[in-house]
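Here the sequence shown is numbered in the UniProt record's numbering, starting from 1 and rising by one per residue. Quick reminder that beta carbons are idealized off the backbone N, C-alpha and C, glycines included. None of the values given here were measured: they were computed from a predicted structure.
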Amino acid sequence: MSAASDLPRPEVWLKSFRSRVRAPLRQATALGLVNGLLLVAQAWLAAWAINAGVMHRAPLARLWPALAVLPVVFALRFALARAAERVAFRAGAIVRRTLRADLLDHLQRLGPAWLQRQARGDLVTRVVGGVEAMEGYYARYLPTMGMTALLPLAILVAVFPADWISALVMLVSAPLIPFFMWMIGKGTEELNQKQWRVLAFLGARFLDTLQGLTTLKLFGASRREAAVVAQVSDDYRRSTMQVLRVAFLSSVVLEFLATVSIAVVAVLVGFRLMWGELAFLPGLFALLLAPEFFGPLRNMGTVYHLRMEAIGAAERMVQVFAEPVPERRPGTGAAPSAAPSLSFEATGFAYPDGTVALDGCRFTAPAGQVTAIVGASGAGKSTVLHLLLGFIGCTDGRITVGDVDLAEIAETDWLARVGWVPQRAHLFEGSVADNLRLARPDADDARLREAARAAGAEAFIDALPQGFDTPLGERGANLSGGQVQRLALARAFLKDAPVLLLDEPTAHLDTHSQRAVIEAIERLARGRTVLLVTHRLHALALADHVVLLDDGRVVEQGPPESLRAADGPFARLLAAAAVSA
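Encoded structure:
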């Protein structure tokens, strides 16, 4: 994460999006300004008609033109207000859509390796939920700010020739409202950011509780965890009430200042009318426009909380966008079409915080053979796969595919030739067929069935209510762990890639499921270059070559039989695994 001092301030970052919606924001402001000018005309017509009818007893025939125009002006103002509102909300929708796309693109470029290190509940709450908080800032706050700057000025220009004393009162009192808003807002910004931090923590804690509910039940800790979530929820309630208190206080202060200012204008107009120092028409005109003069300033008070909410939500987004994107391979070459060898040549990788995951690794996975990557947890096994998948890039050395540097191969071309089966395969909402076709969208039903049969999944798929058309639910909720892994292997069969990367494919499975998955992997591995990350003894039976990692370094490698006979680190690892089994 970048240093906090290097991050742009949330409000500066928010304003950077204005360029994307400048046109609709200008349209909304222009429509609002025309509406304001019509308001001035409406006030003048109303004041003239009342003055002529009441003070001068003018006949109806003389008043009729003004009375006929007033409803037209009112209708035009209503239409303009609706149009300005639609345009402003279109600006908010554009920002929401664009920001979502930018976030998704940036998260994709950060890659799965970065996402795995994040608290998902926090990320979803702050980033995905925070996007919604942006809409009000662009759809309501910014257009209101534009109107606040222009409409009172237009009203002052109209009132000043008619009644300069009322105009002067408006001019003097108007700055007090934004000044007090600024004073109140200084404390509100921190409160809003605190509220979003508490909400993010609540989301992360609640998601962890749901995902670990079985474990909590087994250890009798569910009530204790529920109490913790309730406490965090109460913290969020209190922080929300603090924000609301400040918001209501700001509204009361603004209403009080505006009401007092209007009252001062009314009193001065009344006394001057009584003393004969002011004609009725300009006095009434100024009095009708006084509430409208303070209207935009009042509106600014009602939408000011949207600014605070957006700033609080933007805090986490600024941090996400500031995350350095891993350097991508600039290659444009083609990947080998046949199963190639994979060589790590003094390959190293360190995370941005300096943590070294791989240090000068040298080994070769022979072409068309199964190479098992073994070692203790944290030895760097998954990092090897992440480097090959392009989730991260080498910080030292290089990786070669056959005789070609991996960095010289186009990423899309390389990934098209790689099959990937993680230890927890992800299944999306949709049918079995939809999930299998992720590997080959154009595959027909016969190809799907052939891949499922090869993976040992055909029987249980046919037993499902709708066979291959059965909806799976979120993350394959209706399937066992072994069934999910066999569907992942079926995807790999369907892709038919020459390189296969397997990350603990039998982890978290029962003995029967492990045996079925191992048999499917044995069929899948034929004629392919396979890297198998595992610590399971029965999975090592598939290996033609073994690489033992420890603390990011290769400590032993070779055929498994030779390593067993050497009575070195690999043999000791097997002995320890056999005892623990």
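Whole-number beta carbon distance between residue j and residue i, since they are thought to touch under 8 Å
i	j	result
Leu342	Val401	6 Å
Gly397	Pro326	Not really, about 16 Å apart at Cβ, beyond 8 Å.
residue 583	Met317	The chain is shown only over 1 to 581; residue 583 falls outside these bounds and no answer can be derived.
Met183	Val265	So it is not a contact: roughly 24 Å between Cβ atoms.
Ala91	Leu156	Contact flag wrong, Cβ pair sits at about 28 Å.
Val243	Leu289	About 34 Å; that fails the 8 Å criterion.
Val374	His512	At roughly 24 Å, the Cβ-Cβ gap does not stay under 8 Å, so Val374 and His512 are not in contact.
Leu487	Asn478	Not a contact, Cβ separation roughly 12 Å.
Pro340	Ala367	6 Å
Trp420	Leu389	7 Å
Leu358	Gly380	5 Å
Three-way DSSP call (helix, strand, coil) for residue i in this model
i	result
Gly527	coil
Gln466	coil
Gln557	strand
Leu438	coil
Asp445	helix
Pro471	strand
Arg332	Checking the displayed sequence, the identity of residue 332 turns out to be Thr instead of Arg. DSSP places Thr332 in coil when its eight states are reduced to three.
Arg362	strand
Phe428	coil
Gly354	coil
Leu70	helix
Asp544	coil
Leu45	helix
Asp496	coil
Leu509	coil
Asp551	coil
Asp163	coil
Asp567	coil
Gly212	coil
Leu63	helix
Asp479	The sequence given here has Leu at residue 479, not Asp. Of the three classes helix, strand and coil, the one that applies to Leu479 here is coil, per DSSP.
Gly419	strand
For residue j and residue i, the rounded distance between their alpha carbons
i	j	result
Ala350	Val547	20 Å
Ala28	Val530	60 Å
Phe321	His106	7 Å
Tyr137	Leu202	24 Å
Val12	Val229	34 Å
Ile409	Ala334	6 Å
Ala490	Arg22	50 Å
Ser251	Ser166	24 Å
Ala455	Ala221	39 Å
Ala365	Ala451	26 Å
residue 598	Thr506	This structure does not reach residue 598, given that the chain is present from 1 up to 581, and the question cannot be answered.
Ala576	Gln485	27 Å
Pro422	Phe206	26 Å
Gly348	Thr355	11 Å
Val34	Ala93	24 Å
Pro498	Leu532	14 Å
Ser431	Phe468	7 Å
Phe256	Ala66	34 Å
Val40	Arg245	35 Å
Gly558	Leu406	23 Å
Ala457	Gln483	7 Å
Ala119	Ala149	42 Å
Leu99	Val131	7 Å
Gly378	Asp550	8 Å
Environment of residue i [buried if 16+ CB atoms lie within 10 Å]
i	result
Met274	exposed
Ala158	buried
Arg140	buried
Gln195	buried
Lys15	exposed
Gly481	buried
Ala4	Low per-residue confidence applies at Ala4: pLDDT is 47, beneath 50, and the placement is therefore not dependable, though the value from the model is reported in the following sentence. Ala4 should be labelled exposed.
Arg238	exposed
Glu309	buried
Arg9	exposed
Glu561	exposed
residue 591	What is shown of the chain runs 1 to 581, which leaves residue 591 out entirely.
Phe344	buried
Glu519	exposed
Gly36	buried
His305	buried
Val72	exposed
Thr412	exposed
4 or more residues per run - each alpha helix (DSSP H) lying fully within the region 370-404 = 381-389
Go through the region 95-158 residue by residue and report every complete run of the alpha helix (DSSP H) that reaches 4 residues or more, in order.
-> Under the rule that a run must span 4 or more residues, the alpha helix (DSSP H) segments found entirely inside the region 95-158 read 120-123 and 129-136.
Could I get the ranges of all uninterrupted alpha helix (DSSP H) runs contained in the region 275-347, with 4 residues as the minimum, in chain order?
-> 280-322
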